[in-house]
Amino acid sequence: MNEASADPPQVLRCRSTSDFLAALPRITGFTARDSIILVFFSGKRAGHAMRIDLPESEHPRESVGLLEFVCEAVLDFGSSHGAVSAPAIAICTEQTFAEADGPPWRRLARRLERRLRREGVAPRELCCVAPDGWISYLDPSAPTAGRPLSEIDESPIALEARLEGVSTPDIADLGAIPDPDPARRGAVAGALAEQAPFDFPGPGSAPPGDSGLGKPPGAASARRDSAGPRAEHAVHPRSAGAYAWMVDTAEVVRALRDEDRALEPSMAARLIRCAEHSDRWLLLAMGVLTRPEFPVELAHEMGPAQFAGVPVDVDPDAPARAGWSIRRILASICPEFTDLDRIPHLRRRLTATLGETPRELRPGLLAFSAWVWWLGGTQSVAHRQALEALEIDPDNEVALMVERLVSHSLYAPRARHEASAA
Numbered sequence: 001m002n003e004a005s006a007d008p009p010q011v012l013r014c015r016s017t018s019d020f021l022a023a024l025p026r027i028t029g030f031t032a033r034d035s036i037i038l039v040f041f042s043g044k045r046a047g048h049a050m051r052i053d054l055p056e057s058e059h060p061r062e063s064v065g066l067l068e069f070v071c072e073a074v075l076d077f078g079s080s081h082g083a084v085s086a087p088a089i090a091i092c093t094e095q096t097f098a099e100a101d102g103p104p105w106r107r108l109a110r111r112l113e114r115r116l117r118r119e120g121v122a123p124r125e126l127c128c129v130a131p132d133g134w135i136s137y138l139d140p141s142a143p144t145a146g147r148p149l150s151e152i153d154e155s156p157i158a159l160e161a162r163l164e165g166v167s168t169p170d171i172a173d174l175g176a177i178p179d180p181d182p183a184r185r186g187a188v189a190g191a192l193a194e195q196a197p198f199d200f201p202g203p204g205s206a207p208p209g210d211s212g213l214g215k216p217p218g219a220a221s222a223r224r225d226s227a228g229p230r231a232e233h234a235v236h237p238r239s240a241g242a243y244a245w246m247v248d249t250a251e252v253v254r255a256l257r258d259e260d261r262a263l264e265p266s267m268a269a270r271l272i273r274c275a276e277h278s279d280r281w282l283l284l285a286m287g288v289l290t291r292p293e294f295p296v297e298l299a300h301e302m303g304p305a306q307f308a309g310v311p312v313d314v315d316p317d318a319p320a321r322a323g324w325s326i327r328r329i330l331a332s333i334c335p336e337f338t339d340l341d342r343i344p345h346l347r348r349r350l351t352a353t354l355g356e357t358p359r360e361l362r363p364g365l366l367a368f369s370a371w372v373w374w375l376g377g378t379q380s381v382a383h384r385q386a387l388e389a390l391e392i393d394p395d396n397e398v399a400l401m402v403e404r405l406v407s408h409s410l411y412a413p414r415a416r417h418e419a420s421a422a
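Residue numbering for the sequence shown follows this note's numbering, beginning at 1 and increasing consecutively.
Quick look at the structure:
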């Protein structure tokens with residue numbers, strides 16, 4: 001799996017490889033083992049970081065796909081930012097220098113460097129950190145037994161982090177559900193007792209309107225043919241009551257996204273109930289991707305019936321034009337999402353709310369949280385949370401859909417022939 005950091009990093013000045021390795025957890029927001037960390041740059045400033053699993057071995061057949069992926073990612077990032085900039089790459093491994101009889105993964109590092117140079121992108125850093133030392137593969141005078149880890153620990157960046165009390169979680173601990181405050185949990189439980197599960201609208205076995213049309217309601221480029229919905233809306237004008245459930249869900253999204261005010265127990269209960277229902281779950285997602293009010297505005301144009309009974313998923317073997325579903329809507333729109341700054345707050349708020357949610361009511365909200373982690377580029381946490389939802393309810397339709405969705409990386413570099421044609 002691979003993931004990209006979403007938290008905007010603090011400006012850290014790296015004057016050496018040891019500084020870079022000390023800064024790495026603060027750039028990514030986590031620590032990871034048996035991983036390749038790829039840090040993209042815009043000019044001299046580090047931007048987003050991507051984590052990729054190390055292959056099973058250094059054998060070329062195990063790594064050829066990885067080398068291609070890294071090169072495509074670097075070129076793709078450069079094309080989207082106006083110019084290709086040399087990346088910094090760190091291999092974080094549990095293999096020791098002693099076990100490798102020298103720098104671990106050195107053959108993979110050499111192949112990676114050669115592959116990037118063939119593309120005209122020499123890495124600005126290519127290094128390795130192991131349990132018993134670290135090395136820059138680009139330093140011809142580096143000791144083959146590695147440099148001491150104390151050089152990383154004594155870096156000004158590491159010292160500053162300790163003084164500020166900065167701690168970085170292991171990637172395995174990201175997204176862990178916390179133990180809530182008992183009083184808060186009781187307040188949410190009381191609010192849930194007063195907030196009955198939503199039963200309108202409901203999921204259907206076929207999409208509303210013309211099921212032969214394959215594009216979802218979303219951005220203008222991602223809508224179904226609008227002739228049918230507009231005709232419906234014109235011939236059958238709806239009262240304000242037909243949009244009430246959508247307005248109610250928009251209020252929940254607005255509260256979820258509000259970084260200035262805490263989520264009241266009553267609103268937390270409404271969020272939990274919305275996540276239980278597939279149609280409201282979709283509106284939550286659309287409100288995160290765009291604006292809370294956007295689905296309501298779209299419904300006034302297309303007709304509210306277009307958002308009721310949306311299939312959660314369709315048979316993976318179905319023809320491409322067999323109709324749209326929640327998964328197809330998300331798969332179509334999510335790759336265009338760029339406002340990553342809103343993701344950290346959503347992750348924190350959803351994680352806290354999950355801790356306040358009774359276990360039997362968690363699957364829908366876990367699936368939503370998994371989708372948010374995936375949207376921010378942290379695929380491993382997304383997949384883990386989707387599986388947690390299915391452990392509670394193996395037949396939960398939304399959790400099954402999300403598990404299928406997040407099993408594939410949100411970021412997929414374009415094939416070379418597509419990149420050259422663009």
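No residue lacks a Cβ here, since even glycine has one placed at the ideal position from N, Cα and C. Keep in mind that this is a model prediction, so the values were computed, not measured.
When we look at the beta-carbon of residue i and count the other beta-carbons within 10 Å, is it buried (16 or more) or exposed?
i    : result
E418 : Reliability of the predicted coordinates at E418 is poor, the pLDDT of 35 falling under 50, and the value obtained from them is presented with this limitation in mind. Exposed, because fewer than 16 other Cβ atoms sit within 10 Å of the Cβ of E418.
E154 : exposed
V64  : exposed
R61  : exposed
R15  : exposed
P182 : exposed
H408 : exposed
E125 : buried
H59  : exposed
T144 : exposed
H383 : buried
H48  : buried
D101 : exposed
A386 : buried
A191 : buried
R423 : The requested residue 423 does not occur in the structure, where the chain is confined to residues 1 to 422.
R162 : exposed
R13  : exposed
A370 : buried
Assuming residue i contacts residue j under a Cβ cut-off of 8 Å, what Cβ separation, rounded to an integer in Å, is found between them?
i    : j    : result
L330 : L405 : 6 Å
E360 : I326 : Between I326 and E360 the Cβ distance is about 22 Å, and since that is not below 8 Å, they are no contact.
A440 : P304 : The question about residue 440 has no answer, for the chain in this structure spans 1 to 422.
I343 : V372 : 7 Å
I171 : A32  : 5 Å
A130 : G120 : About 30 Å; that fails the 8 Å criterion.
L354 : I177 : 5 Å
L108 : V74  : Contact doesn't hold; Cβ gap of about 16 Å is too wide.
V424 : V312 : Given that the chain is displayed from residue 1 to residue 422, the structure contains no residue 424 and the question cannot be resolved.
D19  : I157 : 5 Å
Y137 : P103 : 7 Å
T357 : I272 : 5 Å
F40  : F77  : 5 Å
V381 : G175 : 4 Å
L38  : V70  : 6 Å
Candidates the options: which alpha carbon is nearest residue i's?
i    : options                : result
L112 : V129, G102, I91, D132  : I91
R185 : S150, R110, P265       : P265
E336 : V310, G376, G355       : G376
Q195 : C274, Y137, A158, D179 : C274
R257 : V314, L298, S278, D339 : D339
A250 : R280, Q385, A161, V402 : R280
E508 : F77, C128, L66         : Here the chain covers residues 1 to 422 and nothing more, so residue 508 does not appear.
K44  : I37, P123, A100, E99   : P123
F198 : R270, G190, D260       : R270
D341 : P394, E259, A382       : E259
V314 : R114, H277, V402, E276 : V402
H300 : M246, R384, S380       : M246
I89  : L67, E99, T96, F97     : L67
T268 : L390, Q306, V253, V381 : This sequence places Ala at residue 268; Thr is not what is there. Ranking the options by Cα distance to A268, first place goes to V253.
T378 : R51, L21, T96, R13     : R51
R110 : G309, E56, P140, L410  : P140
T17  : L298, P148, E56        : P148
D132 : R118, A142, S150       : S150
W374 : A255, D395, L346, F307 : L346
P55  : V70, C71, D34          : D34
A308 : A244, R348, A255       : A244
F97  : E72, H277, A142, P394  : A142
I36  : R106, E99, S42         : R106
Can you list, in chain order, the stretches of the alpha helix (DSSP H) that have 4 or more residues and sit fully within the region 149-201? 150-153, 156-163, 182-194
List in chain order: all unbroken alpha helix (DSSP H) runs of 4+ residues lying wholly within the region 314-385. 326-333, 343-356, 362-375
Would you call the region 357-366 and the region 284-303 touching, i.e. three or more CB-CB distances under 8 Å? no
Touch check for the region 19-32 and the region 161-168: three-plus C-beta pairs under 8 Å? yes
Start-end ranges of the alpha helix (DSSP H) lying completely within the region 14-40, minimum 4 residues: 17-28
So within the region 258-310, which uninterrupted alpha helix (DSSP H) runs reach at least 4 residues, ignoring any that extend past its ends? 265-276, 278-289, 294-302
Ignoring anything shorter than 3 residues or poking outside the region 80-115, list the beta strand (DSSP E) runs there in chain order. 88-92
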